Amino acid sequence: MSTTAKMIEKVKPMNTIQAVNMALDEAMGLDANVILLGEDIADGQEGGIVGVTKGLSTKYGNARVRSTPIAEQAIVGAAIGAAIVGLRPVAEIMLMNFTTVAMDMIVNHAAKLRYMSGGQTHVPLTIRTMTGAGFGTGGQHADYLEAWFAHTAGIKVVAPSSPADAYGLMLSCIFDDDPCLFIENMPTYWNPGAPPQTGQRIPLGKANVLREGRDVTVISYSRTVQDCAAVAEKLAQEGVQVELIDLRTISPLDEATLLKSVAKTRRAVVVHEAVRRFGVGAEIAAMLNEHLFSELKAPVQRIGANHSPVPFSKTLEQAFVPQQSAIEAAVRKTLG
Amino acid sequence: MTPETRVDKAILIDIYRRMALIQRSDDRFRAVIKSGKIVAPYYSPRGQEAIPAAVSVNLTDDDYICTIYRGIHDMLAKGVPSKLLWAEIAGKATGTCKGKGGPMHITHPPTGVMVTTGIVGSSMPIANGLALAAQIRGEKRVAVAYFGDGASNIGAFHEALNMAAVWKLPVLFVCQNNGYGEHTRYELATAARQISDRAAGYQMPGVTVDGNDPLAVYAVAREAVARARAGEGPTLIEAKTFRFHGHVFGDADAYMAPGEKEAAMAKDPVPRFRSWLIEGGVAEVELAALERAIDREIDDAVTFALQSPVPDLAELQRDVLAEELA
């Protein structure tokens, strides 16, 4: 048994549902300005559709933990208004596809009010949302839409890959003075991981080098980080050293960490569950080319989902998401 | 005017001062824009002066408003200083928003002007949030969402009214029904006989009032503000009015029936209220002095705006996020 495994064995593992709940609980305890809004989030409605907010309305009251109508524009609008005058709302938009219903509020208002007001107002709002293929929810319940938001100036986009990261990044989002979109992966909600250290916030805008290596840099975020870790482990058996970077924050992008790593490895693969075309991978590949074109030993590879809506049938759904075999092939391609 | 209403003379004159400030500012905006000294999209509120003037005398600087692209009247009535307003419209560094918002996004928290949106319907959900903060903190503040008749057909209106009613939020939804959504007549776009009928769907009081009668608007707004402050929830007020200069300044008004605008302009609410005040015993010299003071304020504001510096190019990067971008 490795040392890490022994350490994990000693402490009780925690899943992402528990970790986010713990972060919300801690933030609400620290600051009376933190309020929660969202569909079914109060305990009378079972503390959220998967129970992320369970217990919080009982502890902090229904004034601060509010189940809302199914009305995404009204939810985000109310959160924006409250944020402008000093509250720190955490609005849950149950599924990422439902953010489309609130796009005007998120893109035209939350992201822009600081700039349009010349800095007189700002929107310390966190929008929590979950997504990801794997539950057979089909084309309107599982998309990764982070590129749309990362393309909008004025909003931060955060996507944790583990329970401990979810906890530390959630706390940072809540106490950040800018709007943050916080993306939780639904199919891995129940996967146990190392518990966070209480109070340990993870800075926004900083990527995490999960594994050091000299041969190729693999860049990912959210669920696919686990796939990349598995591929890196497999390739290590052959002596290929993968440097694995978890972005943690998609926007603002930690360009410095990426450039430092790729300047060393001179090879890069970007992996995400969102469809590949026009995605975050394209932005990262372009940025790496702009800075390191003459250094690169191979074109930057991008792995993303099939360019289609998320299909329902299990066979199709499994084939839709990026496969570990595809990640492995992309890494090998950069090695020539 | 509503003859039976008894209102303190000081309040009546305050309403008139706000109406005259809007009317005279608008006259000057159009003249200056026409002269080419300021280049800006301009949505004239001329003809709608009585509504925010009579609503705002019921509010303090602690109360919030969210208004829309046709909102200069709402801002002036709420007290945004003329100099800062003019400088913002001129795109100058000295404007309310350092020249980065422009006429459609003027913001001035010291007077409670928290958001001005260029998106039809979006003032209402955000006003709910301002009201929600006041409710959670146990403050007595109220929020006013201004919007037009066209905005009552968009989903945000219905989501916002429903939520405000369910949560009994201290908010006034003030619809300035000027008969047109952009170029389309009310009847062609709106199924409701009148906007206030829509309040019934949300179990909140809904009232239609002559928006060109400041006393009628004052009475309705006073009651709605009192209800909101008492924790009794929101009110939908439909104030019927008319805009004298089309959708956007330069509009040819070809979509209007011949004579419709002229008939409305003949009943201009500003001189009508002025005459009513004088008939009721207010000395004309008092109003004339007030108007001269307004003209001086506008003269100073125009000079200030035109002479102010343009924004530094570094402003391009500032205020995107709390930390300046590299």
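Line by line, the protein sequences are chains A and B. This note's numbering puts the first residue of the first sequence at 11, with every later residue one more than the last. This note's numbering puts the first residue of the second sequence at 1433, with every later residue one more than the last. Ideal placement from N, C-alpha and C gives every residue a C-beta, glycine not left out. Predicted model only: the values in this text are computed from it and were never measured.
Give the residues of chain A in contact with residue 1742/B, contact being defined as C-beta atoms less than 8 Å apart.
Within chain A, no residue has its CB atom less than 8 Å from the CB of residue 1742/B, the nearest being about 14 Å off.
Would you report the Cα separation of residue 1490/B and residue 1637/B, rounded to the nearest angstrom?
Residue 1490/B and residue 1637/B have their alpha carbons spaced roughly 18 Å apart.
Practice prompt. Throw me the rounded Cβ distance for the residue 1668/B and residue 1630/B pair, which I believe falls under 8 Å.
Written response: About 7 Å; that satisfies the 8 Å criterion.
Query raised in the report: Ends of the beta strand (DSSP E) at residue 166/A?
Result: Counting along the chain, the beta strand (DSSP E) containing residue 166/A begins and ends at 166–168.
Contained beta strand (DSSP E) runs [length at least 3] in the region 191–260 of chain A, N- to C-terminal order: Entirely contained in the region 191–260 of chain A, the beta strand (DSSP E) runs reaching 3 residues are, in chain order, 218–221, 226–230, 252–256.
>> If contacts are defined as beta-carbon pairs under 8 Å, then residue 1574/B and residue 1563/B qualify, I think. What distance do you get, rounded to the angstrom?
In response: The pair is a contact, with the Cβ atoms about 7 Å apart (cut-off 8 Å).
Compare the C-beta of residue 1594/B with all C-beta atoms of chain A and state if any pair is closer than 7 Å. For residue 1594/B, the answer is yes, since a Cβ of chain A falls inside 7 Å of its Cβ.
Is DSSP giving residue 11/A helix, strand or coil here? A caution first: residue 11/A carries a pLDDT of 42, below 50, which makes its placement in the model unreliable, though a value can still be read off. Secondary structure at residue 11/A: coil, using DSSP grouped into helix, strand and coil.
9 Å Cβ cut-off: residues of chain A touching residue 1591/B
Listed along chain A are 79, 81, 82, 83, 84, 85, 87, each with a C-beta nearer than 9 Å to that of residue 1591/B.
How would you list, in chain order, the residues of chain B whose beta-carbon sits under 7 Å from the beta-carbon of residue 45/A?
Chain B residues near residue 45/A: 1568.
Residue 1614/B Cβ short of 6 Å to the ligand SAH heavy atom set | The ligand SAH is absent from the structure shown, which contains no ligand whatsoever.
Helix, strand or coil: how does DSSP classify residue 18/A here? Unreliable positioning characterises residue 18/A in this predicted model, as indicated by a pLDDT of 49, which lies under 50. A coordinate reading is not provided.
Notebook entry, point to check: Could you give the residue range of the alpha helix (DSSP H) that holds residue 1467/B?
Noted result: For residue 1467/B, the uninterrupted alpha helix (DSSP H) run begins and ends at 1441–1467, by DSSP.
Report task. Please go through the same chain and pick out, in chain order, the residues whose beta-carbon is closer than 6 Å to the beta-carbon of residue 1537/B, but skip the five residues on each side of it. Result -> For residue 1537/B, where only same-chain residues beyond five positions count, the Cβ hits under 6 Å are 1548.
- Along chain A, in chain order, which residues have C-beta atoms closer than 8 Å to that of residue 1690/B? The contact set of residue 1690/B on chain A, defined by CB atoms closer than 8 Å, is empty, because the minimum CB distance reaches about 37 Å.
Note to self: Which residues does DSSP list as the beta-bridge partners of residue 77/A?
What the structure shows: DSSP lists 48/A as partners of residue 77/A.
Compare the C-beta of residue 1513/B with all C-beta atoms of chain A and state if any pair is closer than 7 Å. With 7 Å as the cut-off, residue 1513/B does not count as an interface residue toward chain A.
*Could you work out which residues of chain A lie near residue 1541/B, taking near to mean beta carbons separated by less than 7 Å?*
Within 7 Å of the CB of residue 1541/B, the CB atoms of chain A belong to 130, 131, in sequence order along the chain.
Check: CB residue 315/A to CB residue 330/A, shorter than 7 Å?
Finding: In this structure, the beta-carbon distance from residue 315/A to residue 330/A falls below 7 Å.
Is residue 139/A closer than 7 Å to residue 103/A when the C-beta atoms are compared? Cβ atoms of residue 103/A and residue 139/A: closer than 7 Å.
Query raised in the report: Ordered along the chain, which non-local residues of its own chain (more than five positions away) have a Cβ less than 6 Å from that of residue 241/A?
Result: If the five residues before and after residue 241/A are omitted, its C-beta is found closer than 6 Å to the C-beta atoms of 334, 337, 338, all from its own chain and listed in chain order.
- Task: Step through the CB atoms of chain B and report whether any lies within less than 7 Å of the CB of residue 181/A.
- Result: Output row for residue 181/A: interface = no.
Review point. Does residue 218/A get closer than 7 Å to chain B when you measure Cβ to Cβ?
Key: False, the Cβ-Cβ gap to chain B never drops below 7 Å.
Of the residues 130/A, 87/A, 215/A, the one placed nearest residue 1587/B, counting alpha carbons only:
It is 87/A.
At which residues does the beta strand (DSSP E) containing residue 311/A begin and terminate?
From DSSP, the beta strand (DSSP E) with residue 311/A extends over 311–315.
Q | Cut-off 7 Å between Cβ atoms - residues of its own chain near residue 11/A, not counting five sequence neighbours on either side | A | Unreliable placement is indicated for residue 11/A, whose pLDDT of 42 sits below 50; the coordinate value is still reported in the next sentence. Nothing meets the Cβ criterion.
Neighbouring residues, chain B, relative to residue 118/A (Cβ below 9 Å)
Correct list: 1549, 1550, 1551, 1554.
Discussion item. Using 8 Å as the cut-off, can you tell me whether the region 298–311 of chain A makes contact with the region 276–283 of chain A, which would need three or more C-beta pairs spanning the two stretches below that distance?
Written reply: Contact between the region 298–311 of chain A and the region 276–283 of chain A is present, because at least three Cβ pairs lie under 8 Å.
- Item | Listed by chain order, chain B residues near residue 97/A by CB distance under 9 Å | Those are 1561, 1564, 1565, 1568, 1569, listed as they occur along chain B.
| Which of the three DSSP states, helix, strand or coil, is assigned to residue 1640/B? | Strand.
DSSP on residue 23/A, reduced to helix/strand/coil?
-> In the structure shown, residue 23/A sits in coil (DSSP, three-state: anything other than H, G, I, E or B).
Neighbour list for residue 125/A in chain B, Cβ cutoff strictly below 7 Å | Close to residue 125/A, with beta-carbon spacing below 7 Å, are these residues of chain B in chain order: 1532, 1751, 1752.
Whole angstroms is fine: what's the gap from residue 18/A's alpha carbon to residue 211/A's?
Because residue 18/A carries a pLDDT of 49, less than 50, the predicted location of this residue cannot be relied on, and the following value inherits that uncertainty. Using only the alpha carbons, I get a separation of about 20 Å.
Quick check on the burial criterion: 16 or more other C-beta atoms within 10 angstroms. Buried or exposed for residue 328/A?
Taking every protein chain shown into account, the CB of residue 328/A has fewer than 16 other CB atoms within 10 angstroms, so this residue is exposed.
Practice problem: Determine the contact status of residue 233/A and residue 265/A, defining contact as a CB-CB distance below 7 Å. | Solution: No; because the gap between Cβ atoms is not below 7 Å, this pair is not in contact.
**Request:** Taking only the alpha-carbon atoms, compute the straight-line gap between residue 1656/B and residue 1444/B and give it to the nearest angstrom.
**Result:** Looking at the backbone, the Cα of residue 1656/B and that of residue 1444/B are separated by about 19 Å.
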